[in-house]
Amino acid sequence: TTRSWDFLGLPRNARRSLPTEGEVIVGMLDTGVWPDSPSFSDDGLGPPPGRWKGACHNFTCNNKIIGARAYRQGRAGLSPVDTAGHGSHTASTVAGRVVEGVGLAGVAAGSARGGVPAARLAIYKICWDDFCASEDMLAAFDDAIADGVDLISFSIGGKLPVPYFEDAAAIGSFHAMRRGVLTSASAGNSALTGGRVCNVAPWMLSVAASSTDRRLVAKLVLGNGKTIGASVNIFPKLEKAPLALPVNGSCQPESLAGQLYSGKILLCPGGSNGTGPLRAGAAGTVIVNDEPDIAFVFPLPEVTITQDQFTEILAYVNRTRNPVGSIHSTKATFDSEAPTVASFSSTGPNLISPGILKPDLAAPGIDILAAWTPLTPVSGNHKDNRFAAYNIISGTSMACPHATAAAAYVKSFHPGWSPAMIMSALITTATPMDPGRNPGGGELVYGAGQLNPARARDPGLVYDAREDDYVRMLCAEGYNSTQLRAVTGANAAACPAGGERSAAADLNYPTMAHHAAPGKNFTVRFPRAVTNVGAPGRSVYTARIVGSGPLITVAVAPRRLAFSRLLQKLSFTVTVSGALPVGNEFVSAAVVWSDGVRQVRSPIIVHTVD
Amino acid sequence: SSDGDEKQVYIVYMGHQHEPSESADGFSAAEAAHHKLLNQILDDSSSALDRIVYSYRRSINGFAARLTEQERQKLSTMEGVVSVFPSRTYQLQ
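So the sequence lines, in the order shown, correspond to chains A and B. The working numbering applies: residue 136 is where the first sequence begins, and numbers increase by one. The working numbering applies: residue 80 is where the second sequence begins, and numbers increase by one.
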């Protein structure tokens, strides 16, 4: 990517542990990879780590891409080469080499690089165009874990989460966690109302998408001089073309069949991917879209606008004899509001485990430029004849690999840390986000805030959790001992007797969430333990509560933790009580432990969102 | 389908892999166990060999197979089976 890593505070000259970064292997479960991209050059990289057991099937690997397999309903002989572009994009965002002077027709130009350019990639192609099936996913997890990856990047999701043992990703990532492998996943693209956050298991990192301070803007200038709209147009400026409305009111290809709009800018009120206007010969198009924060790439000059802006254009068209407009090429502008969560990013609450806050954090997922495949046009429209080595796309798919790379970065400094310790480091050091700029539910929208890889390298304290802790949580969620003994392979009883069952809130998670009934008083306790991974000698952390407000009371006991050695673990309890008067509201707070240098921030959210 | 004869891919999840097998070509012990389990619930005219799509045998224990609803129900009650769930389609995000 050409901007996001700088925006996140991980510049090209960031402090690195290069020898161990080269030992980190990231498994990409995606659409494969385009091996000839300069982002995947192995110049200067040594051979794969000795522990690597992976393979390259129907693919020529190098010292950057050290493994590649493909899965489609058990068939043999398939190629892991990326025919869709998505897998190359995510892989280069994680571990692409530094490539100078790239861009998409000059847009978003700069030096492209991944978060951990020295890390290795292992490719598991499980998605074919836009289709990914459970059985292929689980086969890839099975192989990736046994091959010896250190992290798994999973930019895939469903519309709604499903129970853990009916979800290939939750199952696969659980077994990954057992072998010390963290899975970083997309939170989903269902927006505020289109579904709920996915990939919600507490042993996976669920990543929301946010903006960077680079906003890509293309202008539509009407004949009356008024300027409207913002989106990506990588075509040359389209000058003063006539504006036209579709005869049938729709720009879908079937509605436009048999009509010609040669040389005109077609105004599309009901959305379009550009295929209809392109087939109808339009010179350009203006499309109403409810995601105005994203710069989609279209197969013809295009501006994306809101419904209100469309109404404004219609007013101009209706009162003008020969309405015309010009579509300008896209320019990058500075967005002082960034980071804001993307309009499409799925939000909580977590429908499977309401006591576990998901998404965990947010990372850049809007207008990300990264490697592409030459086998698919940049617009994704196969009528389009524009191909490029780098493309701009958006999604929680793009946010996920930023978090994966940050996890790899942390792992390169702390190779022995458990998946939960790495997750904790990323979550407790995230930069808080502004609920005013991100409406819809505070932490339910952005989790702990924006990823901050440099701070995550040295978090001071971490919340650790191991297999036994997750099993206790699963007991609390109603899974039985027989199931859990099979899952873990343990002979001992997995769940305590009924009366002793704990709650999901007891899991040593770095954030705290509680769903309250409207108008009812509640008191909830979150027992927690933190492990000292900061100063080697004596260090003292004190807790403060940030932002609880009048509706809830937050107490921490004890408020002082004195550590005498590294990896010492000390416990405390957070008690939250109060009442929220009505439904669909939330109150946020945070417990912040500090030794005077480091800040270990654990967000708390109490909500009445159903 | 309503008559229960239509087959679809289900994942039969059996938890932890006790006998990780690196055998890429041969028929591993884990695969043999999966075939044995499935053959127990299939009628004489069908074989696990024709039904199994994947045997998960390296880190995870389980298999994916084309099953009818009745076969799914029978497998759900077998010892060692954690869950049997239908293959779902997921999307790139």
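Even glycine gets a Cβ: it sits at the ideal position worked out from N, Cα and C.
Do Ala311/A and Ile280/A have their CB atoms nearer than 8 Å? Locating residue 311/A in the first sequence gives position 176, counting from the first residue. Locating residue 280/A in the first sequence gives position 145, counting from the first residue. In this structure, Ile280/A lies closer than 8 Å to Ala311/A by Cβ.
Local Cβ density within 10 Å of Leu239/A, reported as buried at 16 or more and exposed below that: The sequence position of residue 239/A within the first sequence is 104, counting from 1. Buried, because 16 or more other Cβ atoms sit within 10 Å of the Cβ of Leu239/A.
Check the C-beta distance from Tyr169/B over to Leu273/A and give it rounded, since I have them as a contact under 8 Å. In the second sequence, the residue the question calls residue 169/B occupies position 90. In the first sequence, the residue the question calls residue 273/A occupies position 138. Contact doesn't hold; Cβ gap of about 12 Å is too wide.
Closer than 7 Å by beta-carbon distance: list the chain A residues that pair up with Ile90/B, in chain order. Position 11 of the second sequence holds residue 90/B. The answer, in chain order, is Ser269, Glu270, Leu273 and Ala303.
Report the three-state DSSP secondary structure of Gly238/A (helix, strand or coil). The sequence position of residue 238/A within the first sequence is 103, counting from 1. Three-state result, Gly238/A: strand.
Based on the DSSP secondary-structure assignment, which residues constitute the bridge partners of Cys535/A? Along the first sequence, read from residue 1 onward, the residue named residue 535/A stands at position 400. DSSP lists no partner for Cys535/A.
Please classify Thr195/A as buried or exposed, where buried requires at least 16 neighbouring CB atoms within 10 angstroms. Locating residue 195/A in the first sequence gives position 60, counting from the first residue. By the neighbour-count rule (16 or more Cβ atoms within 10 Å), Thr195/A is not buried but exposed.
Please tell me whether Val332/A has its Cβ less than 8 Å away from any Cβ of chain B. Reading the first sequence from its first residue, position 197 is the one you call residue 332/A. No, Val332/A lies away from the interface with chain B (no Cβ there is under 8 Å from its Cβ).
Would you please verify whether the beta carbon of Gly236/A is less than 8 Å from any beta carbon of chain B? To locate residue 236/A, count along the first sequence from 1; it is residue 101. Cβ-Cβ to chain B under 8 Å: no for Gly236/A.
Is it buried or exposed, Ser81/B, if we count other Cβ atoms within 10 angstroms and call 16 or more buried? For this step, residue 81/B is matched to residue 2 along the second sequence. Low confidence applies to Ser81/B: its pLDDT is 42, below 50, so where it sits in the model is not reliable, and the reading given next is rough at best. Exposed: under 16 other Cβ atoms inside 10 Å.
Could you confirm whether any beta carbon from chain B is found closer than 8 Å to the beta carbon of Asn193/A? Reading the first sequence from its first residue, position 58 is the one you call residue 193/A. Judged by the 8 Å Cβ criterion, Asn193/A is not in contact with chain B.
Quick check on Gln585/A: buried or exposed, where buried means 16 or more other Cβ atoms within 10 Å of its Cβ? Along the first sequence, read from residue 1 onward, the residue named residue 585/A stands at position 450. Looking at its Cβ environment, which holds 16 or more other Cβ atoms inside 10 Å, Gln585/A is buried.
Beta-carbon of Phe106/B versus every beta-carbon of chain A: anything under 8 Å? On the second sequence, residue 106/B is found 27 positions in, with the first residue counted as 1. Phe106/B does not count as touching chain A.
Pull up the DSSP beta-bridge partners for Pro165/B, would you. Your numbering for residue 165/B matches position 86 in the second sequence. In DSSP, Pro165/B forms a bridge with Tyr89/B.
Can you confirm whether Glu85/B, when its beta carbon is compared against all beta carbons of chain A, has any partner nearer than 8 Å? By one-based count along the second sequence, residue 85/B stands at place 6. Taking Cβ atoms only, chain A never reaches closer than 8 Å to Glu85/B, which makes this a no.
Which of helix, strand or coil does DSSP assign to Ala257/A? The residue given as residue 257/A occupies position 122 in the first sequence. DSSP places Ala257/A in strand when its eight states are reduced to three.
Top-ranked residue by Cα proximity to Arg313/A, from Val606/A, Asn587/A, Gly613/A and Leu579/A: For the purposes of this step, residue 313/A is taken as residue 178 along the first sequence, with counting starting at 1. When only C-alpha atoms are compared, the closest one is Val606/A.
Gly222/A beta carbon less than 8 Å from that of Val168/A: As a working mapping, residue 168/A is identified with position 33 in the first sequence. As a working mapping, residue 222/A is identified with position 87 in the first sequence. Yes, they are a contact pair.
What does Val732/A reach in chain B if we use C-beta pairs closer than 8 Å? Mapped onto the first sequence, residue 732/A falls at position 597. Result: empty, since nearest Cβ-Cβ is about 37 Å, beyond 8 Å.
My guess is that Asp569/A and Ser529/A are in contact by the Cβ rule of under 8 Å, so how many angstroms apart are they, rounded? Position 434 of the first sequence, counted from the first residue, corresponds to residue 569/A. Position 394 of the first sequence, counted from the first residue, corresponds to residue 529/A. Wrong, their Cβ atoms sit about 21 Å apart, outside the cutoff.
Between which two residues does the alpha helix (DSSP H) harbouring Val229/A extend? Within the first sequence, residue 229/A is the residue found at index 94, counting from 1. First-last of the alpha helix (DSSP H) with Val229/A: His221 to Ala230.
Do the region 196-216 of chain A and the region 286-306 of chain A touch if we need at least three Cβ pairs shorter than 8 Å? no
Report the residue ranges of all beta strand (DSSP E) runs contained in full by the region 310-392 of chain A; include only those spanning at least 3 residues, in chain order. 317-321, 339-345, 349-352, 355-357 and 373-379
Bridge-paired residues (DSSP) for Tyr133/B: Residue numbering aside, residue 133/B sits at position 54 when the second sequence is read from its first letter. Ala143/B.
To the nearest angstrom, how far is the alpha carbon of Leu357/A from that of Gly460/A? Position 222 of the first sequence, counted from the start, is the residue given in the question as residue 357/A. Position 325 of the first sequence, counted from the start, is the residue given in the question as residue 460/A. Straight-line Cα distance between these residues: approximately 4 Å.
Determine the direct distance from the alpha carbon of Lys655/A to that of Ala664/A, and round the result to whole angstroms. Working through the first sequence from its first residue, we reach residue 664/A at position 529. Working through the first sequence from its first residue, we reach residue 655/A at position 520. So the alpha carbons of these two residues sit roughly 29 Å apart.
If you compare alpha carbons, which of Pro337/A, Ser471/A and Asn368/A is closest to Ile487/A? Residue numbering aside, residue 487/A sits at position 352 when the first sequence is read from its first letter. Nearest option by C-alpha distance: Pro337/A.
With 16 as the cutoff for other CB atoms within 10 Å, does Lys493/A come out buried or exposed? Numbered from 1 along the first sequence, position 358 holds the residue referred to as residue 493/A. With 16 or more other Cβ atoms within 10 Å, it is buried.
Let me know if Asp129/B comes out buried or exposed under the rule of 16 or more other beta-carbons within 10 Å of its beta-carbon. By one-based count along the second sequence, residue 129/B stands at place 50. Asp129/B should be labelled exposed.
Have a look at Val727/A, Tyr676/A and Ala632/A and flag the residue whose alpha-carbon is nearest the alpha-carbon of Gly682/A. In the first sequence, counting from the first residue as 1, residue 682/A sits at position 547. The option with the nearest alpha carbon to Gly682/A is Val727/A.
For Glu437/A, report the span of its beta strand (DSSP E) as first-last. Stepping through the first sequence from its first residue, residue 437/A is reached at position 302. Taken as a continuous stretch (DSSP letters only), the beta strand (DSSP E) holding Glu437/A covers Glu437 to Ile440.
Do you know offhand how far Asp302/A's Cα is from Ala477/A's? Position 167 of the first sequence, counting from 1, holds the residue named residue 302/A. Position 342 of the first sequence, counting from 1, holds the residue named residue 477/A. If you take the alpha carbons of Asp302/A and Ala477/A, they lie about 26 Å apart.
Between Pro252/A, Ala724/A and Pro146/A, which has its C-alpha nearest Ile200/A's C-alpha? Sequence index remark: in the first sequence, residue 200/A carries index 65 (1-based). Per the Cα distances, Pro252/A.
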